């Protein structure tokens, strides 16, 4: 969700400012956080700090991410694609590494259709690149993982979808994304995706 449904310049700004305050390289921090839960990233960069200190930083970052929503818009093709899925009766979910307050706020501001299933960081023990989030999303949709198609741009998300046994479409994923050669499609924009529901109920994605 973070990058391919909704641009995340403000998210990057929040993390860049956090990195500078802690004497870290913003570039290194931004490269690590992509697609991962905030708490996972904080534990990585705050190794040796107490859980109380990490929780306090998480609360501050979460507040910034949930409230600084000016300028957030859906990326080209996102709204049209989701509206088409709803019209065709094709179930879909949003599976994000963001927390519920952050994800809900940004989803609303972007004007995206409401998902039938919304999986956020609080709902899984292990975040991406582990498969837990996508396995839960499939379960809540009433589908087997191999019946699901994951659309991701983050390396952690691509790995999570593959580990869950889902089909994966990579949109604007970095060229050095691990296992990128194993995904079903590599695209540059959501506008390149076409979804057709057949009379027998099968769904074709191109």
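Residue numbers (the numbering used here): 4 to 209. We treat Cβ as the ideally placed atom computed from N, Cα and C, and that holds for glycine. Bear in mind that the values here come from a model prediction, so they are computed numbers and not experimental data.
Fill in: Buried versus exposed, by CB contacts within 10 Å (16 or more), residue 191
exposed
Worksheet item: Pick from 39, 21, 117 and 71: whose alpha carbon is nearest that of residue 133?
Response: 39
Practice prompt. Examine the Cβ distances between the region 149-156 and the region 117-126 and report whether three or more of them are shorter than 8 Å.
Written response: no
Worksheet item: What three-state label does DSSP hand residue 25 in the structure shown?
Response: coil
Practice prompt. List in chain order: all unbroken alpha helix (DSSP H) runs of 4+ residues lying wholly within the region 55-143.
Written response: 81-91 and 103-113
Discussion item. Judging by CA-CA distance, which residue of 176, 184, 179 and 170 is the nearest neighbour of residue 209?
Written reply: 170
Practice prompt. List the residues that DSSP assigns as beta-bridge partners of residue 32.
Written response: DSSP lists no partner for residue 32.
Item to complete: Determine the direct distance from the alpha carbon of residue 36 to that of residue 129, and round the result to whole angstroms.
Response: 15 Å
Worksheet item: When the Cβ atoms of the region 100-116 are set against those of the region 67-83, are three or more pairs found closer than 8 Å?
Response: yes
Discussion item. Within 9 Å of any Cβ in chain D, is that where the Cβ of residue 191 sits?
Written reply: Going by chain labels, chain D is absent from the structure shown, which holds only one protein chain.
Discussion item. Output needed for residue 29: all residues of its chain with C-beta closer than 6 Å, excluding positions within five of it in sequence on either side, in chain order.
Written reply: 19 and 22
Fill in: Same chain, Cβ closer than 7 Å to residue 123, neighbours up to 5 away in sequence not counted
99, 101, 102, 103 and 106
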